[in-house]
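Participant: Before anything else, here's the structure in question.
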Amino acid sequence: MGFTAKRGAVSDKTYTVSGKTLDEINKDMAKKGPPDPNDGKRFSGSCLGKLEIDIKPKDIDYEVKSSGGKFAAIARLKSGYVTSTSVITTPKLASDKDLSDKARKEWQRFLVFVGVHERGHADSYYALAVKVMEDMSGMTGGGAGSSENEAKAAATKALYEQITKKYGGSGLGDLVKADAKAYDSKTKHGESQGALLDASIS
Ligand SMILES: [Zn+2]
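If you're matching positions, the sequence shown starts at 22 in this note's numbering and goes up one per residue.
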């Protein structure tokens, strides 16, 4: 099956807003909406992503050569996963009983497009997982030693060092943030997809 990118869970959360008009609701969202992880500004929805690398010793494949009592090994990944997960937060109206039919319709339209925008983030995080998986699939670690096991251990260490250098620490988190930023700048935080409430409708 090979080393694979996996689409993990996409879970949904809501926060409650209220108001007698769309304008009041809009202001409540500006106060209570989830903050953007990049600039801390509040938006009507958010999609926080996470990438996780899951590799175990059994996921490494070795090529070993020996000559004159010396061993050389090359390590690469043959299985394991890069998984993307997302948590989507969208607004929920406490009650729509004070809204006009037109306003209620606009609120429902808005919610659909907020969902479209946020799910787009989740898709983009998965695409990022695929990119990381492809990059890691091309990585190799080389090592030498006086026994096969010694050479394999050195090769494993070299492979892990490469992975850690690029994706360890805050590496994966930074990539996720940059991905969110790029998608938000492309879509104007969903505005270009229709995820903007027309608060002028009464
Ligand atoms: Zn966004």
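Just so you know, even glycine gets a beta-carbon here, dropped at the ideal spot from N, CA and C.
May I ask you to list the residues that DSSP assigns as paired with PRO56?
Facilitator: Locating residue 56 in the sequence shown gives position 35, where the first residue counts as 1. Answer is ARG63.
Participant: Checking the sheet assignment: what are the DSSP bridge partners for LYS178?
Facilitator: Taking the sequence shown and counting its residues from 1, the one referred to as residue 178 is at position 157. Answer by DSSP bridge pairing: none, since LYS178 is not bridged.
Participant: Just confirm the distance between the C-beta atoms of LYS99 and ASP82, as a whole number of angstroms; I'd bet it's less than 8 Å.
Facilitator: Translated into positions along the sequence shown, residue 99 becomes position 78. Translated into positions along the sequence shown, residue 82 becomes position 61. Between ASP82 and LYS99 the Cβ distance is about 4 Å, and since that is below 8 Å, they are a contact.
Participant: Can you tell me where the alpha helix (DSSP H) holding ALA201 begins and where it ends?
Facilitator: On the sequence shown, residue 201 is found 180 positions in, with the first residue counted as 1. Element bounds for ALA201: 192 to 208.
Participant: Are at least three pairs of beta-carbons, each pair with one atom in the segment 84 to 104 and one in the segment 156 to 173, less than 8 Å apart?
Facilitator: Contact between the segment 84 to 104 and the segment 156 to 173 is present, because at least three Cβ pairs lie under 8 Å.
Participant: What are the boundary residues of the alpha helix (DSSP H) that GLN134 is part of?
Facilitator: Numbered from its first residue, the sequence shown carries residue 134 at position 113. Before going further, note that residue 134 is Phe rather than Gln in the sequence given. Taken as a continuous stretch (DSSP letters only), the alpha helix (DSSP H) holding PHE134 covers 122 to 158.
Participant: Checking 9 Å against the spacing of the C-beta atoms, do TYR204 and HIS142 come in under that value?
Facilitator: Walking along the sequence shown from the start, residue 204 turns up at place 183. Walking along the sequence shown from the start, residue 142 turns up at place 121. Yes, Cβ-Cβ distance for TYR204 and HIS142 is below 9 Å.
Participant: If contact is defined by three or more beta carbon pairs under 8 Å, each pair taking one atom from either stretch, is the segment 107 to 114 in contact with the segment 63 to 78?
Facilitator: Because the criterion of three Cβ pairs below 8 Å is met, the segment 63 to 78 and the segment 107 to 114 touch.
Participant: Would you mind sorting ALA150 into buried or exposed? The rule is 16 or more other CB atoms within 10 Å of its CB.
Facilitator: For the purposes of this step, residue 150 is taken as the residue at position 129 of the sequence shown. With 16 or more other Cβ atoms within 10 Å, it is buried.
Participant: Looking only at DSSP bridge pairs, what is ASP33 linked to?
Facilitator: Working through the sequence shown from its first residue, we reach residue 33 at position 12. Per DSSP, ILE109.
Participant: Cα separation between MET154 and THR25?
Facilitator: Position 133 of the sequence shown, counting from 1, holds the residue named residue 154. Position 4 of the sequence shown, counting from 1, holds the residue named residue 25. For MET154 and THR25, the distance between alpha carbons rounds to 6 Å.
Participant: So LYS86 is in the beta strand (DSSP E); what residue range does that whole segment cover?
Facilitator: As a position in the sequence shown, residue 86 is number 65, starting the count at 1. 81 to 88 is the extent of the beta strand (DSSP E) around LYS86.
Participant: Taking buried to mean at least 16 other C-beta atoms within 10 Å of its own C-beta, is GLY190 buried or exposed?
Facilitator: Here residue 190 corresponds to residue number 169 of the sequence shown, with the count starting at 1. By the 10 Å Cβ count, GLY190 comes out exposed.
Participant: VAL85 to GLY159, Cα distance in whole Å?
Facilitator: As a working note, residue 85 is residue 64 in the sequence shown. As a working note, residue 159 is residue 138 in the sequence shown. For VAL85 and GLY159, the distance between alpha carbons rounds to 18 Å.
Participant: What does GLU73 pair with, by DSSP beta-bridge criteria?
Facilitator: Against the sequence shown, residue 73 aligns to sequence position 52. THR104.
Participant: On the DSSP letters alone, give me the boundaries of the beta strand (DSSP E) that ILE95 sits inside.
Facilitator: Here the question's residue 95 lines up with position 74 in the sequence shown. Its beta strand (DSSP E) spans residues 91 to 98.
Participant: When the distance is taken between beta carbons, is GLY61 closer than 9 Å to PRO112?
Facilitator: By one-based count along the sequence shown, residue 112 stands at place 91. By one-based count along the sequence shown, residue 61 stands at place 40. The answer is no: Cβ separation not under 9 Å.
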